[in-house]
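**Q**
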Amino acid sequence: MTSLAQHSESFEQIGNHVGILVLHGFACTTQSVQPWAEAFAKRGYTVKMPILAGHGTTPEDLYNTTIEQLVHSATAALEWLQERTEHQVICGFDFGGTIAQHLAQQYHVDGLLLLNAAYQLPAKMLDNVEAIIQSSDTYGPIGTADIKNPRATVYRYDKYPVALAREMIIFTKDVAAQSNRIQAPLLVMHSTDDHVLPPQTVDHLIATASSKEKHLIMLQDSYHYALVDYDAPRIVEQSLYFVKGIDPDRYAQPIEEKQKRKRRR
1 MTSLAQHSES FEQIGNHVGI LVLHGFACTT QSVQPWAEAF AKRGYTVKMP
51 ILAGHGTTPE DLYNTTIEQL VHSATAALEW LQERTEHQVI CGFDFGGTIA
101 QHLAQQYHVD GLLLLNAAYQ LPAKMLDNVE AIIQSSDTYG PIGTADIKNP
151 RATVYRYDKY PVALAREMII FTKDVAAQSN RIQAPLLVMH STDDHVLPPQ
201 TVDHLIATAS SKEKHLIMLQ DSYHYALVDY DAPRIVEQSL YFVKGIDPDR
251 YAQPIEEKQK RKRRR
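The UniProt record's numbering numbers the first residue of the sequence shown as 1 and each following residue consecutively.
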């Protein structure tokens, strides 16, 4: 398979005192969340969009990646923001949203935005992975991209390593069990017709998160890859509005040359 490197570039911008961490999904590239990063950067925020470990190249690289390495690549990006900004907000799509929840459980963050994220994995997905595990196959197939707009494209691997999928299932269950540790203001956006991660499990997170401020927006005109689909402008607009509303005055403050102590729960 051809490398996806040309479609996956990390991004960082030094801006104001609010840091925005943008996390892409499993087996896809930063292209799937690039509109988020670009919109926040245009508004003057400090933005970090990493390529998660094992991504943006070939499935073979993902095969040699552990869940710990995936999480570490996101954690390192958050710590990069902590060293440069006073406040941090995490935006996560798909499995990047699961990692975002994990970070919000472990660190003090000022906002959490989730887009078509995994909260509890659907039974059909678990059954499919279990069947592949039982077959002793090394890789499982990734189907057609779940996009409503026929003109849109998303760049992804065409297969995933089964061993890592098993680790992801365990990790997702652990994150879901600790959802009450999430205290940051929370914005959840989920497509009504998401055929990869159906919205039925969204209610569990909304009910159990300890956030005092919780918002749920159901997207009516997109499938799973919503940031490259019809709802992309709405997602960007609501995300900018949410972050600015956390503290309307923060984003205008200039960066100072000082190190900030990392804040961990």
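Where a beta carbon is used, it is the ideal one built from N, C-alpha and C, also for glycine.
Quick check on the DSSP output: the beta strand (DSSP E) that includes V89 runs from which residue to which?
**A** Mapped onto the sequence shown, residue 89 falls at position 89. Per DSSP, V89 belongs to the beta strand (DSSP E) from 87–93.
**Q** Taking DSSP's pairing of strands, which residues face T66 in a bridge?
**A** On the sequence shown, residue 66 is found 66 positions in, with the first residue counted as 1. Per DSSP, none; premise fails for T66.
**Q** Taking buried to mean at least 16 other C-beta atoms within 10 Å of its own C-beta, is D194 buried or exposed?
**A** Here residue 194 refers to the residue found at position 194 when the sequence shown is read from its first residue. Classification for D194: buried.
**Q** Would the beta-carbon of Y160 fall within 7 Å of that of A27?
**A** To locate residue 160, count along the sequence shown from 1; it is residue 160. To locate residue 27, count along the sequence shown from 1; it is residue 27. The answer is yes: Cβ separation under 7 Å.
**Q** If you reduce the DSSP assignment to three classes, tell me which class F11 lands in.
**A** Your numbering for residue 11 matches position 11 in the sequence shown. Three-state result, F11: strand.
**Q** How many whole angstroms separate the CB atoms of H21 and A76, which I take to be in contact at a CB cut-off of 8 Å?
**A** Residue numbering aside, residue 21 sits at position 21 when the sequence shown is read from its first letter. Residue numbering aside, residue 76 sits at position 76 when the sequence shown is read from its first letter. Inspection of the sequence shows that residue 21 is occupied by Leu rather than by His. Between A76 and L21 the Cβ distance is about 10 Å, and since that is not below 8 Å, they are no contact.
**Q** So which of T85, Y63, S8, H224 has the shortest CA-CA distance to H14?
**A** Counting from 1 along the sequence shown, the entry for residue 14 is found at position 14. One point to set straight first is that residue 14 is Ile, not His, in the sequence displayed. When only C-alpha atoms are compared, the closest one is T85.
**Q** What does a CB cutoff of less than 7 Å around V71 pick up in its chain, not counting 5 residues either side in sequence?
**A** In the sequence shown, counting from the first residue as 1, residue 71 sits at position 71. Correct list, in chain order: I99, H102.
**Q** Report all residues from its chain with a CB closer than 6 Å to the CB of E12; omit the five preceding and five following residues, and keep chain order.
**A** The sequence position of residue 12 within the sequence shown is 12, counting from 1. Hits under 6 Å: K48.
**Q** Whole angstroms are fine: how far does the CA of L187 sit from the CA of H87?
**A** Counted from its first residue, the sequence shown places residue 87 at position 87. Counted from its first residue, the sequence shown places residue 187 at position 187. When rounded, the distance between both Cα atoms is 17 Å.
**Q** With contact counted as at least three CB pairs below 8 Å, one residue from each stretch, are the region 106–115 and the region 134–142 in contact?
**A** no
**Q** Which of the three DSSP states is assigned to residue 276 in this structure?
**A** The displayed coordinates of the chain run from 1 to 265. Any statement about residue 276 would go beyond what the structure contains.
**Q** If I'm right that L52 touches Y119 with Cβ under 8 Å, what's the distance once you round it to whole angstroms?
**A** The sequence position of residue 52 within the sequence shown is 52, counting from 1. The sequence position of residue 119 within the sequence shown is 119, counting from 1. Actually they are not in contact, since the Cβ atoms of L52 and Y119 sit about 19 Å apart, beyond 8 Å.
**Q** Quick one: residues in its chain with C-beta nearer than 7 Å to the C-beta of Q220, no 5 flanking neighbours on either side, listed in chain order?
**A** Taking the sequence shown and counting its residues from 1, the one referred to as residue 220 is at position 220. Excluding residues within five positions, the ones whose Cβ falls inside 7 Å are T192.
**Q** Once the 5 residues before and after A5 are set aside, which same chain residues still bring their CB inside 7 Å of it?
**A** Here the question's residue 5 lines up with position 5 in the sequence shown. These residues qualify, in order along the chain: G56, T57.
**Q** Kindly indicate which three-state DSSP category R234 falls into: helix, strand or coil?
**A** Here residue 234 refers to the residue found at position 234 when the sequence shown is read from its first residue. Residue state, collapsed to three classes: helix.
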